[in-house]
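Under my numbering, the first residue of the sequence shown is numbered 63, with each subsequent residue one higher.
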Amino acid sequence: MTIDSSSFEALLAAARDIVLISHFNPDGDAVGSVTAAYHYLKSRGKEPHIILPSPYPESMAFLEPEEAEGRMTICEQDSEKARRLVRGTDLIICLDLNRLSRTEYLEQDILSARAKRILIDHHIPAELERFDLAISTTEVSSTCELLYWILRSLPDVAGDPARIPLRCAESIYVGMMTDTNNFSNSVFPGTFEMAAALIARGVDKDAMQEKVLHCYSVSRTRLMGHLIKDKMTLVTRHQAAYMLLSNKEKERYCFKPGDSEGFVNLPLAIGSVRISALFTENAVGNYIRVSLRSKGNINVNRLANRFFNGGGHRNAAGGRLYIPLDEVPAYFEKALDEWPDEEKFS
Ligand SMILES: [Mn+2]
Numbered sequence: 063m064t065i066d067s068s069s070f071e072a073l074l075a076a077a078r079d080i081v082l083i084s085h086f087n088p089d090g091d092a093v094g095s096v097t098a099a100y101h102y103l104k105s106r107g108k109e110p111h112i113i114l115p116s117p118y119p120e121s122m123a124f125l126e127p128e129e130a131e132g133r134m135t136i137c138e139q140d141s142e143k144a145r146r147l148v149r150g151t152d153l154i155i156c157l158d159l160n161r162l163s164r165t166e167y168l169e170q171d172i173l174s175a176r177a178k179r180i181l182i183d184h185h186i187p188a189e190l191e192r193f194d195l196a197i198s199t200t201e202v203s204s205t206c207e208l209l210y211w212i213l214r215s216l217p218d219v220a221g222d223p224a225r226i227p228l229r230c231a232e233s234i235y236v237g238m239m240t241d242t243n244n245f246s247n248s249v250f251p252g253t254f255e256m257a258a259a260l261i262a263r264g265v266d267k268d269a270m271q272e273k274v275l276h277c278y279s280v281s282r283t284r285l286m287g288h289l290i291k292d293k294m295t296l297v298t299r300h301q302a303a304y305m306l307l308s309n310k311e312k313e314r315y316c317f318k319p320g321d322s323e324g325f326v327n328l329p330l331a332i333g334s335v336r337i338s339a340l341f342t343e344n345a346v347g348n349y350i351r352v353s354l355r356s357k358g359n360i361n362v363n364r365l366a367n368r369f370f371n372g373g374g375h376r377n378a379a380g381g382r383l384y385i386p387l388d389e390v391p392a393y394f395e396k397a398l399d400e401w402p403d404e405e406k407f408s
């Protein structure tokens, strides 16, 4: 993939303090993209800061900068500092989100800051006009992959992956690896090209897998078993399956951020299932987090838009519901019944 990054380079060159922000409930691509950008910008002598709206999975702590001032600011834990950083910076780069509301608490602060705003994202475009520069395409596996092609096109990297700092390369690999479910979905020819280049650069792919994908607790694996065995409901008339995860169950299985990563994909291993949904009660209990997955030509982005206050990609989307957990099954089944075919296969 070739990208014209001249306007990106111009904005970077003009900035010293740069704030990197990703979305609420950060996943591997969110953590990977902000830390990758951090490590790259640091190597250019910039002063980058990372803000995440809420805590991220412990397994990704190794991607964080080592220096104390580079540690991520979690808005939920220190919103004062997060707001101060946004207010004081020259440039804000939003990664892996298509709406500023995905930052949960910072939308207004970002809009009223004096800084220029850049978006780097791979979701279906939504608010491009709110940015001075938006680099957005769905033709990549992940925001990390898009960032990789941008970095390659910058004058100092000049197409040579060896010039990308190793820690930046590791972060990029982790974001791609988690967003593609380890090369199983949204993989493009360029994704393999990038992976090969990153491994040649020195990324230890086995170590990344072990740290991020094979790092869970016994209780997380038991929770997965419980969901599949006791909580999975099949809606055969729609080739769909769904699971509900309550706060009580989270407590019983010592749930930590990131523990439900990948659960929603599990029912898709069943031949007759083409749509999978996971409904998770939010810790405070004020909404239900919705994760949707599909196979092939079924467009769950449209399902998320119409019924679940959200969106995402054709085969992977998310949203929120503001109803009690026990009303979700009826709501979901009704949504499937009412979903027009022209949207489903759009
Ligand atoms: Mn992503």
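All C-beta atoms in this analysis are idealised placements derived from N, C-alpha and C, irrespective of residue type, glycine included.
All values derive from a computational prediction rather than experimental measurement.
With three or more beta-carbon pairs closer than 8 Å as the criterion, would you say the region 291–306 touches the region 366–380? no
Any heavy atom of ligand 1 inside 7 Å of the beta-carbon of threonine 200? In terms of side-chain proximity, the C-beta atom of threonine 200 is found no nearer than 7 Å to any non-hydrogen atom of ligand 1.
Cβ distance (whole Å) where alanine 144 is taken to contact threonine 135 below 8 Å: Rounded, the Cβ-Cβ distance is 5 Å, consistent with contact.
Quick one: grab the DSSP three-state call for threonine 135. strand
Which ranges would you report for the beta strand (DSSP E) in the region 81–159 if only whole runs of at least 3 residues count? As for any beta strand (DSSP E) of minimum length 3 sitting wholly inside the region 81–159, the runs are 109–114, 153–157, ordered along the chain.
Phenylalanine 254 - DSSP class collapsed to helix/strand/coil: helix
Going along the chain, which residues of its own chain have a beta-carbon closer than 6 Å to the beta-carbon of lysine 178, five neighbours each way excluded? If you ignore the 5 residues before and after lysine 178, its C-beta comes within less than 6 Å of the C-beta of Leu73, Leu153, Asp194, all in its own chain and listed in chain order.
Classify arginine 263 as buried or exposed, calling it buried when 16 or more other Cβ atoms lie within 10 Å of its own Cβ. buried
With respect to 7 Å, is the separation between the Cβ of threonine 97 and the closest non-hydrogen atom of ligand 1 below this value? Within 7 Å of the C-beta of threonine 97 there is not a single heavy atom belonging to ligand 1.
Taking a contact to mean a Cβ-Cβ separation below 8 Å, would you say alanine 303 touches valine 335 in this structure? yes
Checking 8 Å against the spacing of the C-beta atoms, do valine 236 and glycine 94 come in under that value? yes
Per-residue DSSP class, three states only, for alanine 231: helix
Assign cysteine 316 to buried or exposed, taking buried as 16 or more other Cβ atoms, counted over all protein chains shown, within 10 Å of its Cβ. exposed
Contact belief for tyrosine 102 with isoleucine 226 at Cβ below 8 Å, rounded distance in angstroms: 7 Å
Straight-line gap, valine 219 to arginine 106 (C-alpha atoms, nearest Å): Taking the straight line joining both Cα atoms gives about 11 Å.
Nonlocal neighbours in the same chain, by C-beta distance under 7 Å from tyrosine 167, ignoring five residues either side: Pro115, Cys137, Ser141
With DSSP as the reference, label phenylalanine 70 as helix, strand or coil. helix
Check the C-beta distance from valine 274 over to glycine 90 and give it rounded, since I have them as a contact under 8 Å. 6 Å
Cβ distance (whole Å) where threonine 205 is taken to contact leucine 157 below 8 Å: Rounded to whole angstroms, the Cβ separation of threonine 205 and leucine 157 is 5 Å, and the two are in contact under 8 Å.
Measuring straight from C-alpha to C-alpha, what distance separates alanine 269 and lysine 396? 44 Å
I'd like to confirm the pairing. Which residues does DSSP put opposite aspartate 266 in its beta bridges? Paired residue(s): none; aspartate 266 is not in a bridge.
Per DSSP, tyrosine 304 is paired with what? Thr295, Ala339
For arginine 355, is the classification buried or exposed, using 16 other Cβ atoms within 10 angstroms of its Cβ as the cut-off for buried? Arginine 355 is buried by the Cβ-count criterion.
Element boundaries [beta strand (DSSP E), containing serine 356]: 350–356
Using DSSP with H/G/I as helix, E/B as strand and the rest coil, what is glycine 221? coil
Excluding the 5 residues preceding and the 5 following glycine 358 in the sequence, name in chain order all residues of the same chain whose CB lies nearer than 6 Å to its CB. none
Short of 8 Å in beta carbon distance, which residues of its chain neighbour methionine 286, apart from the five on each side in sequence? Order them along the chain. Phe325, Leu328
Check whether the Cβ of isoleucine 205 sits closer than 7 Å to any heavy atom of ligand 1, and report yes or no. At residue 205 the sequence reads threonine, which differs from the isoleucine that was named. Ligand 1 approaches threonine 205 closely enough that one of its heavy atoms is under 7 Å from the residue's Cβ.
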